[in-house]
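Going letter by letter, the sequence shown gives residues 1 to 202 in UniProt numbering.
All C-beta atoms, glycine included, are put in the ideal place defined by N, C-alpha and C.
Just so you know, these numbers come straight off a predicted model, no measurement behind them.
To keep things clear, I will list the structure first and then write my remarks on it.
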Amino acid sequence: MATRGFTGRRTPDDHAARTPPGQALTTDFPVLSAGPTPKIALADWSFTLKVGPRPVARWSWEEFSALPRTSYVRDIHCVTTWSKLDTAWEGVLVDDVLAAAGLAPPTGFTLAHGFDDYTTNVPTADLVGGKAMIATAYDGAPLEPDHGGPARLLVPHLYFWKSAKWLSGLQFTERDEAGFWELRGYHMYGDPWREQRYDDDA
């Protein structure tokens with residue numbers, strides 16, 4: 001994983017309760033990727049929901065942009081030990097994607113897929129109830145390609161590798177299937193408050 005633009009600083013007392021153990025605050029937004037940034041034209045972008053191998057719903061960029069929008073501010077935490085507080089996002093809640101597809105959460109596990117063939121696993125319960133969104137804007141502007149634009153998954157309560165960049169779809173699975181970094185020794189869940197960085201962490 002490459003990280004660019006991280007300079008840590010000591011945690012002020014008023015932010016200490018919001019900073020997980022082993023993390024340092026940054027005011028930058030480091031660029032993280034497992035490979036090069038793909039070029040995705042909006043005319044070519046689509047988002048697909050699957051249950052197992054079966055596609056059940058698909059949206060073009062124009063169709064996806066017509067779904068209900070949500071804005072929220074969240075803290076984010078990277079496994080490479082930086083945290084950034086009060087990040088401002090806008091996008092479509094996973095709840096609203098499911099509602100648009102006429103689905104209740106069909107299985108207990110989900111694989112997020114990126115246009116770069118990246119995958120990461122997240123329990124479905126961690127994507128619903130307002131906990132996660134498909135973000136298309138950051139800090140009042142369209143999401144930049146280096147940060148996962150045009151759309152990325154945002155699961156802010158887990159380490160940031162779970163927030164798959166360049167999102168192309170969500171696949172509901174019957175079992176917890178390891179994704180790109182999980183197959184390479186990262187934790188299957190990734191709770192920053194429990195420092196679940198690697199597969200042998202509790």
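Expected contact under 8 Å - CB spacing of residue i and residue j to nearest Å
i, j, result
"residue 207", "alanine 88", "Residue 207 cannot be examined here, being either before or after the span of the chain that is shown, 1 to 202."
"leucine 170", "alanine 112", "6 Å"
"isoleucine 134", "valine 92", "5 Å"
"phenylalanine 180", "isoleucine 76", "So it is not a contact: roughly 19 Å between Cβ atoms."
Check whether residue i and residue j have beta carbons under 8 Å apart
i, j, result
"phenylalanine 29", "leucine 167", "no"
"alanine 24", "tryptophan 82", "yes"
"arginine 175", "alanine 164", "no"
Inter-residue Cα distance where the pair is residue i and residue j
i, j, result
"residue 252", "histidine 187", "Given a span of 1 to 202 for the chain in the structure shown, any question on residue 252 remains unanswerable."
"arginine 58", "glycine 22", "40 Å"
"proline 38", "threonine 27", "26 Å"
"proline 192", "arginine 54", "33 Å"
"serine 65", "alanine 202", "40 Å"
"tyrosine 198", "alanine 178", "13 Å"
Residue i - DSSP class collapsed to helix/strand/coil
i, result
"alanine 125", "helix"
"tryptophan 161", "helix"
"proline 36", "coil"
"arginine 197", "coil"
"alanine 43", "coil"
Range covered by the beta strand (DSSP E) that runs through residue i
i, result
"valine 94", "Taken as a continuous stretch (DSSP letters only), valine 94 belongs to no beta strand (DSSP E), being part of the alpha helix (DSSP H) at 94 to 101."
"tryptophan 59", "54 to 60"
"phenylalanine 172", "167 to 173"
"histidine 113", "109 to 114"
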